[in-house]
Amino acid sequence: MDLIALNRGLSIRDAISEARAVLHLPLPVTGTVTTAMAPKGSPEACRRLFAASKPLPGTLAERYLAKRGIVLSYPEPALRFHPRCHRWEPSGTISLPALIAAVTDDGGHVSGLHRTWLSPDGDKAALDDPRRAMGHLLGNAVRFGPVGPVMAAGEGLETMLSLRQALPLLPVVAALSAAHLAAWTFPALLRRLYIVCDADPAGEWAFARLSSRGHAAALAVLPLRPRRDDLNSDLMVYGLMALREWIVPQLAAGDAATFLPCR
């Protein structure tokens, strides 16, 4: 460009324009480039919302989990916080702080999101349905820990994070509902599956369906049952040590030593 400008007596800017015309290059894009909106509820919309959220430490979402007895031993990349997460109401769109959980497929790609809207004091927001999921959920789940030959699967976030408290080295997934738990896709590495059963008809139905599929896939399947309605209730009522003492006898031989924290 310097030589062209010198030979033709042009400024650098004019030399670039002349070179572009000679080479038939397109004009540069000027002004603001707008990004197309992702379709509502699509995996792309989920990925954008997750990227716009922030890590959990020091947030209202961390306080919410602590109120449920859940104090994370390790960072959980699947969990984030959004200070102004939109939700549609008949009266219009509102924005509230929310715990954001990424639903991922077998390849680790975000396919959906679960949102728990929160009140300023760290409880669930006073809404008819403070939890909502979006995206492609079928067969996928919120994952805590890497895929391995031994895993646990259950319904709720708080339920599976309670198990993660008791056995922090055991990989677990939260399918978010009984129907999605029954349809969860088994990872290729999986050999033994613990199914965390909520103590209600939907939980028993999901256990029956998923265990039947597991046996058909030649997996070893074992139930993990709570004392009360679910493991988070057990954690909140009895405490962490009592929850651990309840769970350990339900494990296969050797798994307690493998998945309990080092002492």
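Numbering follows the numbering used here, with no gaps: position 206 of the sequence shown is 388.
Positions of the beta carbon are idealized from the N, C-alpha and C atoms, including for glycine.
Per DSSP, what are the beta-bridge partners of residue i in this structure?
i: Leu261; result: Ala283
i: Pro405; result: Ile377
i: Thr298; result: Leu281 and Arg313
i: Ala335; result: Val355 and Ile377
i: Cys444; result: None; Cys444 has no bridge partner.
i: Cys267; result: Leu278
i: Val419; result: According to DSSP, Val419 bridges with nothing at all.
i: Val292; result: Thr286
i: Ala323; result: Thr286
i: Pro237; result: Arg262
i: Lys306; result: Leu300
For residue i, is the classification buried or exposed, using 16 other Cβ atoms within 10 angstroms of its Cβ as the cut-off for buried?
i: Ala446; result: With the chain represented from 183 up to 445, any question about residue 446 goes unanswered, as that position is not in the structure.
i: Ser394; result: exposed
i: Thr212; result: Bear in mind that the predicted position of Thr212 carries a pLDDT of just 46, short of 50, making it too unreliable to give a figure here.
i: Trp366; result: buried
i: Ala434; result: exposed
i: Ala360; result: buried
i: Gly191; result: The predicted model places Gly191 with a pLDDT of 47, which falls under 50 and marks its position as unreliable, so this point remains unresolved.
i: Pro257; result: exposed
i: His206; result: For His206, the predicted structure reports a pLDDT of 47, less than 50, and the residue's modelled location is therefore unreliable. A value from the coordinates is still provided. Exposed is the call here.
i: Glu337; result: buried
i: Asp311; result: exposed
i: Gly396; result: buried
i: Trp299; result: buried
i: Leu278; result: buried
i: His362; result: buried
i: Glu427; result: exposed
i: Asp380; result: buried
i: Val378; result: buried
i: Val332; result: buried
i: Arg266; result: exposed
Give every residue of the same chain whose Cβ lies closer than 8 angstroms to the Cβ of residue i, excluding the five residues on either side of it in the sequence, and list them in chain order.
i: Ser293; result: Pro225, Cys228, Val285, Thr286, Asp287, Gly317, His318, Leu319 and Asn322
i: Asp382; result: Asp411
i: Gly223; result: Met316 and Gly317
i: Trp387; result: Ala360 and Ala364
i: Tyr246; result: Leu281, Thr298, Leu300, Gly304, Asp305 and Lys306
Looking only at its chain, what residues have a beta carbon closer than 6 angstroms to the beta carbon of residue i, apart from the 5 residues adjacent to it on each side?
i: Cys444; result: none
i: Val354; result: Phe326, Ala334, Met342, Leu345 and Arg346
i: Glu340; result: Arg250 and Asn414
i: Ala203; result: Note that Ala203 has pLDDT 46, beneath the 50 cutoff, so the model's placement of it is unreliable and the number below is only indicative. None.
i: Ala384; result: Ala360
i: Thr275; result: His268
Whose C-beta lies closer than 7 angstroms to the C-beta of residue i among residues of the same chain, with five residues either side of it excluded?
i: Lys236; result: Arg262 and Phe263
i: Ala308; result: Ser301
i: Ala234; result: His264
i: Val403; result: Leu375, Ile377, Ser393, Gly396 and His397
Since residue i and residue j should fall inside the 8 angstroms C-beta cutoff, what is the C-beta to C-beta distance between them, to a whole number of angstroms?
i: Leu401; j: Arg373; result: 6 angstroms
i: Met283; j: Val324; result: The identity of residue 283 in the sequence shown is Ala, whereas the question assumes Met. Sure, about 5 angstroms apart at Cβ, within 8 angstroms.
i: Pro405; j: Phe389; result: 6 angstroms
i: His296; j: Leu358; result: 6 angstroms
i: Arg230; j: Arg269; result: That pair is no contact at about 16 angstroms.
i: Gly304; j: Leu254; result: No, Gly304 and Leu254 are not in contact; Cβ-Cβ is about 15 angstroms, not under 8 angstroms.
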